[in-house]
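In my numbering, the protein residues as written are 2 to 166.
C-beta: ideal position from N, C-alpha, C; glycine also.
Report on the structure given below.
What follows is the structure in structure tokens.
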């Protein structure tokens, strides 16, 4: 069958070569030639595979069980800290969303709300347009000062109330 004779991926090629060597008992020289390995690289493959199988708790290198669901982002803790810090500056969800975009951080408004509710924050009480504009102005001032100076906006600038310029 062509699937086993012409593997499409490196992992499949390794699996087929090792199966031919261990299961079918084909000599290393023949397996190496059949699957496009030099003899020494095939022996290295055999050695590494043997070591990996001896390790306790090692994963199956070829047939891993995939965990269902979304992959956890490595940026998630950073995003959560940033969202919480911005809420502590009394910004609304919409203002946090705009601030995150200004910081070049991608997050949806729904995710902002999930983070805040998970951290125990409730919706802000209704504020006057003047109060909203005041918090918005502080953030925009810091952002425009940093951009004018050719510097990236930092969260520290917002939370400390310093322009950083």
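- The shortest C-alpha to C-alpha distance from residue 37 to any of 18, 53, 107 is the one to 18.
- The alpha-carbon separation between residue 92 and residue 107 amounts to approximately 17 Å.
- Per the coordinates, the alpha-carbon of residue 94 lies some 57 Å from the alpha-carbon of residue 6.
- No beta strand (DSSP E) of 3 residues or more sits fully in the stretch 96-133.
- Around residue 20, the same chain offers no residue with a beta carbon nearer than 7 Å, after the five sequence neighbours per side are excluded.
- In this structure, residue 48 sits away from residue 40, with a CB-CB distance that is not shorter than 7 Å.
- Annotated three-state conformation of residue 42 is helix, per DSSP.
- Around the Cβ of residue 43, a 10 Å sphere holds 16 or more other Cβ atoms; the residue is buried.
- At least 7 Å separates the beta-carbon of residue 76 from that of residue 116.
- Around the Cβ of residue 33, a 10 Å sphere holds 16 or more other Cβ atoms; the residue is buried.
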